[in-house]
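What follows is a set of notes on a single structure, which appears directly below.
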Amino acid sequence: PAEAVPQAPEDPLFGLMRAYRADDSPDKVDLGIGAYRDDNAKPWVLPVVKKADEILRNDPNLNHEYLPIAGLASFTNKAGELLLGPSSPAFEEKRVSSTQTISGTGAVHLGALFLAKFYKVNGASRTVYLSNPTWANHNQIFTNVGLSITTYPYFDKKTKGLDIEGMKRALADAPERSIILLHACAHNPTGVDPTEEQWREIADVMAAKKHFPFFDCAYQGFASGDLDRDADAIRYFVEKGFELLIAQSFAKNFGLYGERAGCFHYVAPPSPQAAEITTRVASQLAILQRSEISNPPIYGARIASTVLNDKALFEEWKENLRTMSGRILTMRKALRTKLEELGTPGTWNHITDQIGMFSFTGLSETQVLRLREEFHVYMTKNGRISMAGLNTRNVEYFAKAVDKIVRE
Ligand code: PMP
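Per UniProt numbering, the very first residue in the sequence shown carries number 11; after that it's consecutive.
If you want it as structure tokens, here you go:
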């Protein structure tokens, strides 16, 4: 039967990583994958993660038994508090169900599976609305579980900012009770987030149309450097009484990429039946989880749990987060300054206006390919750069390369 299986293309992002590794130029610059690098272009193990690792290694009682199906409770409880705030009435009212997942991807998948199975109106599934553009994997995660997808306008090519009017119009025109995927903060790939006021407007349209929000939160602490501020949009929607889903990743903010630490949260709207509904949802999520992965991996969750449950370590984590977001901010300023000094044609304010790990440069696919071929600079075809790939040694080289390409 496998004779009929067609060849699939390589994943573009992982293909880019492979091409970068194979390039032996000393000048090569990796602006592809969204993983933090220090000023020496090296992966950074957070000092607080090293400490947690040390604590775990010295614990004689640790073993390698299975976690429960829903994961490590000391981790998932704190993960939920990180998003909603520890004093959210949703906890007191038992309206939150949290399931540990295979990082953020697993959380988006579990949410997608849950929606495909249980979220129907008149027996039919609802369409998922994704921002245009969005993290490429969203498309296949939702279609793989049989949900249909479409897009809402998001990025305004002219201003290189948010197309708020287009977005609101699309949400208003979408059929009632559509599923709307929202990036909680540090939008990937554009680096463009709605303002507080714009989030309110988005929430108003969504409430009027009874839409179902699904937040993807992969960069908490990376947008503003402040964990609470980066969760403002989610907290606002919870306060407004939405029933909602959240996919949470600890890959970037803990630097635990390969450990796959993440969480999926269901939040019920306030009602006398909310606690009972939440229990029923949790029971179904447990069945889905059991058939998919049986139970989640333990190491990353233990690391995060150790930090989240210790006051001093938690403070140190926040400091580590500020180190990462601070360095990225410095690189944004440096890149914009260099381009403006060179008088590179175009405007470059969006480099510092955009936030989080990525910047949508506005470079065309042809320009991106020339940067790779002539300057050994690796970035995705859509013109996105991972700011974390820039450092004090290569930012000028990159700016000069962009300058040359843009002028020709
Ligand atoms: N959502 C978005 C928007 C992302 O950018 C990412 C990471 N690239 C993820 C989810 C999930 O990543 P992970 O599975 O590594 O946590």
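All C-beta atoms, glycine included, are put in the ideal place defined by N, C-alpha and C. Keep in mind the model is a prediction, meaning the values are calculated, not measured.
Would the beta-carbon of residue i fall within 8 Å of that of residue j?
i: Arg270; j: Gly231; result: no
i: Asp166; j: Leu157; result: no
i: Val405; j: Met341; result: yes
i: Gly44; j: Met27; result: no
i: Gln258; j: Leu93; result: yes
i: Phe264; j: Ile313; result: yes
i: Gly114; j: Ala261; result: yes
i: Gly121; j: Leu255; result: yes
i: Ser135; j: Thr161; result: no
i: Arg380; j: Ile361; result: no
i: Ala284; j: Phe247; result: no
i: Ala278; j: Leu349; result: no
i: Asp37; j: Tyr388; result: no
i: Asn198; j: Ala228; result: yes
i: Ala296; j: Arg47; result: no
i: Cys195; j: Ala146; result: no
i: Asp40; j: Tyr30; result: yes
i: Leu23; j: Thr390; result: yes
i: Met216; j: Leu266; result: no
i: Leu323; j: Ala62; result: yes
i: Tyr276; j: Thr289; result: no
i: Gly95; j: Asp238; result: yes
i: Gly133; j: Thr109; result: no
i: Ser35; j: His386; result: yes
i: Phe128; j: Gln294; result: yes
i: Thr354; j: Val291; result: no
i: Leu191; j: His148; result: yes
i: Leu400; j: Leu123; result: no
Which residue marks the beginning of the beta strand (DSSP E) containing residue i, and which one marks its end?
i: Asn73; result: Per DSSP, Asn73 belongs to no beta strand (DSSP E) and is neither H nor E.
i: Ala257; result: Leu254 to Ser259
i: Glu108; result: A quick correction: the sequence has Ser, not Glu, at residue 108. That run of the beta strand (DSSP E) goes Val106 to Ile112.
Hey, out of the options, whose CA is closest to residue i's CA?
i: Ser335; options: Ala314, Phe324 and Ile365; result: Ile365
i: Asn50; options: Ala411, Thr402 and Phe408; result: Thr402
i: Gly272; options: Phe252, Asp226, Gly235 and Gly95; result: Asp226
i: Ala83; options: Val106, Pro143, Asn68 and Asp69; result: Val106
i: Tyr139; options: Thr362, Gly133, Thr153 and Lys127; result: Thr153
i: Gly393; options: Gly201, Asp242 and Glu418; result: Gly201
i: Phe101; options: Asn87, Phe252, Ile112 and Val15; result: Asn87
i: Pro78; options: Asn305, Ile151, Ser396 and Leu331; result: Asn305
i: Asn319; options: Val15, Asn198 and Phe85; result: Phe85
i: Phe224; options: Leu373, Gly353 and His193; result: His193
i: Gly356; options: Met367, Leu323, Gly372 and Ile287; result: Gly372
i: Asp203; options: Asp363, Ile395, Thr390 and Val277; result: Asp363
i: Pro185; options: Ile159, Glu206 and Trp209; result: Ile159
i: Glu207; options: Glu175, His221, Thr144 and Lys220; result: Glu175
i: Thr316; options: Gln294, Pro36, Asp236 and Lys60; result: Lys60
i: Thr333; options: Cys195, Val39, Ala14 and Pro57; result: Pro57
i: Val118; options: Asp236, Thr205, Glu13 and Phe274; result: Phe274
i: Tyr164; options: Lys328, Leu72, Phe370 and Lys127; result: Phe370
i: Cys210; options: Ser281, Glu286 and Lys178; result: According to the sequence displayed, residue 210 carries Arg and not Cys. Looking at the Cα atoms, Lys178 is the closest of the given residues.
i: Tyr76; options: Pro307, Lys219 and Pro70; result: Pro307
i: Phe368; options: Thr144, Gly133 and Ile395; result: Ile395
i: Pro143; options: Leu123, Lys170 and Leu66; result: Lys170
i: Phe252; options: Gln299, Arg300 and Arg187; result: Arg187
i: Arg300; options: Thr111, Arg245, Trp54 and Thr137; result: Thr111
i: Glu325; options: Glu384, Pro280, Gly235 and Glu351; result: Gly235
Across which residues does DSSP place residue i in a beta bridge pair?
i: Tyr139; result: Thr160 and Ile190
i: Phe370; result: Arg394
i: residue 2; result: The structure shown has nothing for residue 2, since the chain only spans 11 to 418.
i: Phe222; result: Ile189
i: Phe165; result: Leu172
i: Tyr388; result: Asp40
i: Ala134; result: Val131
i: Pro53; result: Arg47
Considering residue i, what are the terminal residues of the alpha helix (DSSP H) in which it resides?
i: Arg179; result: Ile174 to Asp183
i: Ile313; result: Tyr309 to Leu318
i: Val416; result: Val405 to Arg417
i: Gln150; result: Ala146 to Asn154
i: Gly90; result: Ala83 to Leu94
i: Lys348; result: Lys321 to Leu352
i: Asn198; result: Taken as a continuous stretch (DSSP letters only), Asn198 belongs to no alpha helix (DSSP H), as it is neither H nor E.
i: Gly25; result: Pro22 to Ala32
i: Phe101; result: Pro99 to Glu102
i: Ile361; result: Asn359 to Asp363
Establish whether the CB of residue i and some CB of chain B are separated by less than 8 Å.
i: Asn401; result: The structure shown contains no chain B, having only a single protein chain.
TODO: Ignoring anything shorter than 4 residues or poking outside the region 237-286, list the alpha helix (DSSP H) runs there in chain order.
DONE: 242-249
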